[in-house]
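The next block holds one structure in the form of structure tokens; read it before the comments.
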Amino acid sequence: MSEQNAIQWPQGAFSLDMKERIANAKVLAVGAGGIGCELLKTLVLSGFKIVETIDLDTIEVSNLNRQFLFRKHHVGQSKASVAAAAVKQFRPDVSITAHQANVKESKYDIDFFKQFDLVLNGLDNLDARRHVNRMCLAAKVPLVESGTAGYLGQVSVHVEGQTECFDCQSKPVPKSYAVCTIRTSPDKPIHCVVWAKDLLFPLLFGPSDGENDLDPDGALIRGAKESAEGFARKVFTHVFDAKIREVLETAEKEVWEGRTPPRPISLEFLKLDSNAGVEIGNQNASSGSACATLGLTNQNEVWTVEQSAAVFIEAARQILENRSAEVGSLTFDKDDDLAVEFVSAAANLRSMCYHIPPQSLFDTKGMAGNIIHAIATTNAIISGLIVIEALKLLAGAGDASTCRASFLRQDLSNRKFIIPTMLEPPNPGCAVCGTARLQVRVNTKQTTLEEFLKKVLRNHLGMIEPCFSYTRATDYVSWLYEEGEGLEAEEIKENAAHLPKLLAELPAGGMVNNTVLDIQDQRQHLKLQMVITHQETWDEEVHPHKFVVEGEVPVVATAEEAGEDGGEGAAAAAAVQGGVGRKGGPLSLENADGTFNIVESEDEGPAVKPAQSKRKHVAGENGIDSDGGDGDAKRAKVATAAKGDDDDDDDVIILE
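Take 300 as the starting number for the sequence shown in our numbering and just add one per residue.
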């Protein structure tokens, strides 16, 4: 595309040259969901004739209200395949190829991305977006990124060397809540929703995984002759009455200083009858919805305590009686009415115990089902803006000077709903396209290599196959850890043997205070440098995962300057000068590693200077191979390097 002459924009938008350029452009549309359906339609109606689309998901009932290319008989089929077939009905002469796959699979490598003139994103998760961004940077293919959330939306353009990449600005990352907060001291509605969805629901209806200790004494086991309604009432009394009284009796007085103690809810004092707007024990109750049985048809209404109790008992009864074959294997599904009703009622009852405002069924479903309620019109507007930016890139033959980042607002700003802004230049402190470093504070004496790889490199930084090396400053002994294809069986076995070791106990002196890692991910063509700072103690309420990734480190202090224990001296020597993230609302919900994560806009910090090399290449200064042979450093082995070779949500980010 760069070999073409630029077409003046917008004057040449409808010229014959532009029409030909559009028809010959090869475009990859990533995602065939809410934005993707609108995008594919707009592309083919705008004259694009060579399109490929990729999406792993299959069509669900909840997609049908806004993903207009799908019909009820398509439920369970591939989104990419059905969408491709549907848009061909608009333009039969279009060549459109569908891939039902994960864009992160190894076959969708740099060479795959290089074949396209443009990549257009309509994804709904941060991890995949970051991966596509890195692939486009490595392949030097322009990327048009997008996202919507309700009435809000955005479109941005990312061109290697001209604009900031997707990772140049901090993105929403999981905010973790310790399990003890969820179980004993909730103070937000989401705490109660997580408790109901991820603790109580699987305890009663899901598989036994041995990790749910909400009922260590077995008080919530159903008796052989116990009725479904009787068991539901027993559960109610146990979790909303007896357990709350237990908390009040066992907790220290200081726990409730500055806040109101919880109050138990006794079922015997609740009048669950028609006077309270509910009716329990209806023998003609439907088998699909507790709310329908009880006449609670308004999803936006906030239930009273009596209504919540009635829904709790009725939903549990219907699951136990009408779906007994599923009990023991049920998992929460946002499209399962009874599951959503049970979780909503349980969350509301717990909220009432702890003086937290209860939520409507609609709002609770959104939190429990990780739903940002989508609007088809927003998706249509954003897809139109994506195509406009794609046309500008084609007209400019890869020059992004006429492109803009556009933000769709819910309210007017200067009498405008769509606000265009100039594109930002590349961020020098970006870990992906810049040259800065990351600092990671972690307890190197308590964190294993396996935990470091999973929590920091894979989950936090989004790496797929991380490899790294470090060199001990005192005697220049190096250690290299690698993953991916090409490793011998002995090397894989040796790597696995190091995984349970503490960072400080690894070879070559271990990863201790002021260790500098040269890290790369060959799958993503990502290189960075990371400075380890040992931190002994942590506030687990603030940092449940016990690590912090911070921005650019201007100077790496010596061990003498910082102190062996990585205390205040180390923190001062590694002062952070990185950027500040943008703020936004909660985006998704998940649980991992003994904590519950709620995606909110937290500072993620820029980072990092690229490492110097890759596996299967000639050894570079840092001991990791660069282009050529095996190099001086053997994988996952202790090696000696030559002395002197030291390497000195106003942003709407997610969603559909």
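For each residue, glycine too, the CB sits at the ideal point set by N, CA and C.
DSSP-derived helix/strand/coil call for residue i
i      : result
Thr549 : helix
Asn393 : The sequence shown places Val at residue 393, rather than the Asn named in the question. In the structure shown, Val393 sits in coil (DSSP, three-state: anything other than H, G, I, E or B).
Ser607 : helix
Ser682 : helix
Phe412 : helix
Thr836 : coil
Pro905 : Any reading at Pro905 is ruled out, since the residue's pLDDT is 34, under 50, leaving its predicted position unreliable.
Gln617 : helix
Pro485 : coil
Phe846 : strand
Arg622 : coil
Gly333 : helix
Phe895 : With a pLDDT of 46 at Phe895, under the threshold of 50, the modelled position of this residue cannot be trusted, and the question is left open.
Leu417 : strand
Gln303 : coil
Trp494 : helix
Cys435 : helix
Ala675 : helix
Lys754 : helix
Phe367 : coil
Residue i, enclosing alpha helix (DSSP H) - first and last residue
i      : result
Gln828 : Looking at the DSSP string, Gln828 is not in any alpha helix (DSSP H); the run it does join, the beta strand (DSSP E), is 825 to 833.
Lys387 : 378 to 387
Ser650 : 636 to 652
Asn794 : 788 to 797
Thr536 : 527 to 536
His372 : Careful: His372 lies outside any alpha helix (DSSP H) and carries neither H nor E.
Pro501 : 500 to 504
Identity of the residue in the options nearest residue i by Cα
i      : options                        : result
Glu782 : Ser768, Val776, Ala379         : Ser768
Asn401 : Asp423, Ala385, Ala427, Ile409 : Ala427
Ala518 : Leu737, Phe530, Ser507, Lys524 : Phe530
Asn304 : Ala696, Lys800, Leu737         : Ala696
Cys464 : Met434, Pro515, Arg365         : Met434
Pro309 : Val326, Leu693, Val626, Trp602 : Leu693
Gly346 : Ala382, Val830, Lys387, Val360 : Lys387
Leu419 : His373, Leu498, Gln399, Cys336 : Cys336
Arg482 : Pro561, Trp778, Phe631, Asp408 : Pro561
Ala406 : Ala379, Arg822, Arg390         : Looking at the sequence shown, residue 406 is not Ala but Lys. Answer by Cα proximity: Arg822.
Val350 : Ala689, Leu748, Leu502, Ala324 : Ala324
Thr447 : Glu600, Phe846, Ile717, Leu786 : Ile717
Glu265 : Ser484, Leu825, Pro719         : The displayed coordinates of the chain run from 300 to 955. Any statement about residue 265 would go beyond what the structure contains.
Glu784 : Asp820, His797, Glu613         : Asp820
Under 8 Å between C-beta atoms of residue i and residue j
i      : j      : result
Val343 : Gly421 : no
Thr676 : Val642 : no
Ala704 : Gln461 : no
Asp354 : Gly332 : yes
Gly587 : Asp636 : yes
Phe661 : Gln598 : yes
Pro799 : Thr743 : no
Phe535 : Ala608 : yes
Lys487 : Ile655 : yes
Phe611 : Ala638 : no
Pro657 : Val741 : no
Asn276 : Ile791 : In the structure as shown, the chain starts at 300 and stops at 955, and residue 276 therefore has no counterpart that could be examined.
Distance cut-off 7 Å: residue i Cβ against heavy atoms of the ligand NAP
i      : result
Val776 : As far as ligands go, the structure on display features none, and thus does not contain the ligand NAP.
Bounding residues of the beta strand (DSSP E) (the contiguous stretch that carries residue i)
i      : result
Leu816 : 815 to 820
Val360 : No beta strand (DSSP E) contains Val360, which DSSP labels as neither H nor E.
Pro719 : 715 to 720
Leu710 : Per the sequence presented here, residue 710 reads as Asp, with Leu not at that position. Taken as a continuous stretch (DSSP letters only), the beta strand (DSSP E) holding Asp710 covers 704 to 712.
Ile353 : 349 to 353
Pro656 : Unbroken run through Pro656: none, as it is neither H nor E.
Gly446 : 442 to 448
Thr592 : It is not in any beta strand (DSSP E) - Thr592 instead sits in the alpha helix (DSSP H) that spans 589 to 593.
Exposed unless 16 or more other CB atoms sit within 10 angstroms - verdict on residue i
i      : result
Ser445 : buried
Glu723 : exposed
Asn647 : buried
Ala872 : A caution first: Ala872 carries a pLDDT of 28, below 50, which makes its placement in the model unreliable, though a value can still be read off. By the 10 Å Cβ count, Ala872 comes out buried.
Gln828 : buried
Asp516 : exposed
Asp316 : exposed
Lys496 : buried
Ala918 : Any reading at Ala918 needs caution, since the residue's pLDDT is 30, under 50, leaving its predicted position unreliable; the model's value is listed next. Buried, because 16 or more other Cβ atoms sit within 10 Å of the Cβ of Ala918.
Arg714 : exposed
Arg320 : buried
Phe568 : exposed
Thr396 : exposed
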